[in-house]
Amino acid sequence: MEPLSGRKSLTDEVHDRLVDALCSGALPPGTPLRQEAIAEELNVSRQPVLQALGLLRRDRLVEPMGRRGYRVAPVDSDLVRHVYDLREAFDGLAARLAAETKAPDRESALRAAIIQGHHALGSGDTANLVAADVAFHQTIYRLSGNPLLPEASAAVWLQIRRVMHAYLQIGYPRDPIWTEHQAIADAICVGDGPLAEKLARDHGRNARDRLISRMEKPS
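Going by my numbering, the first residue of the sequence shown is number 221, and it counts up by one from there.
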């Protein structure tokens with residue numbers, strides 16, 4: 221992690237930097253987080269680090285280790301079930317609204333998101349794949365016309381990013397994801413709200429089941 225610039229509040233900058241490290245796998249599950257070490261690395265005092273860790277604890281990205289500080293929260297099958305239950309609801313609602321709202325840039329925005337996804341597939345880079353996946357769904361949230369959806373789902377998507385990074389790196393199947401994305405986009409573009417909602421919910425459920433199957437498979 222690079223030293224901070226001071227353009228935001230120090231707490232916000234520390235929080236954002238830690239979120240990026242947690243969600244990218246740079247700080248994998250179980251990693252101890254020492255306030256002093258983080259403060260020294262980011263060239264700040266301990267106070268903004270402590271405040272940022274409190275925010276991360278609120279979002280269940282870190283957990284306390286008694287007097288020893290915090291550690292990165294685990295990614296396990298229970299987390300996946302809880303997070304993807306919420307994702308299914310958010311994604312289904314967003315897809316239905318996006319199909320019904322008919323934003324003027326709907327087709328072009330979804331086409332661009334799909335193209336980004338295929339470029340990411342071609343690169344094989346985990347960070348690119350996660351970024352493209354998140355961008356696709358956030359595009360649908362924007363097209364829904366409901367400005368509260370991105371904010372309401374923000375904590376859920378932080379967890380989803382962590383899960384994606386963890387399991388794309390160990391061979392999580394990639395092609396079915398973008399085949400399902402294309403089907404969702406097609407339903408939205410023709411204005412079929414019920415179908416778009418069903419496909420989006422099925423997509424979330426399929427992702428959950430693939431992840432849990434992989435996690436619970438005997439090593």
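Backbone N, C-alpha and C fix where the C-beta goes; we use that ideal spot for every residue, glycine too.
I need the boundaries of the beta strand (DSSP E) containing residue i, first residue and last residue.
i	result
P284	282-284
Here's a check: name, in chain order, each residue in its chain whose Cβ is nearer than 6 Å to the Cβ of residue i, leaving out the five neighbours to either side.
i	result
A329	T359
Y304	G424, R428
R440	Only positions 221 to 439 of the chain appear in this structure, which leaves residue 440 out of reach.
Need the endpoints of the alpha helix (DSSP H) that residue i sits in, please.
i	result
V292	V292 -> not in any alpha helix (DSSP H); beta strand (DSSP E) instead, spanning 290-292.
K418	413-436
Short check: CB of residue i to CB of residue j, under 8 Å?
i	j	result
A355	A333	yes
L419	A407	yes
A314	Y361	yes
R288	P252	yes
R316	G413	yes
H401	C243	no
A318	S364	yes
W398	H338	yes
V234	A272	yes
R381	D311	no
Is it buried or exposed for residue i, if we count other Cβ within 10 angstroms and need 16 for buried?
i	result
I335	exposed
A340	buried
L268	Looking at the sequence provided, one finds Pro at residue 268 rather than Leu. P268 is buried by the Cβ-count criterion.
V410	exposed
S229	exposed
Contact defined as beta carbons within less than 8 Å: I believe residue i pairs with residue j. What is the distance between those atoms, to the nearest angstrom?
i	j	result
V282	R291	7 Å
By Cβ distance below 8 Å, which residues in the same chain neighbour residue i in space, the five residues on each side in sequence not counted?
i	result
L276	H235, L238, V239, L242, V282, Y290
Counting only the same chain and skipping the five closest in sequence on each side, list residues whose C-beta sits under 7 Å from that of residue i.
i	result
E327	C409
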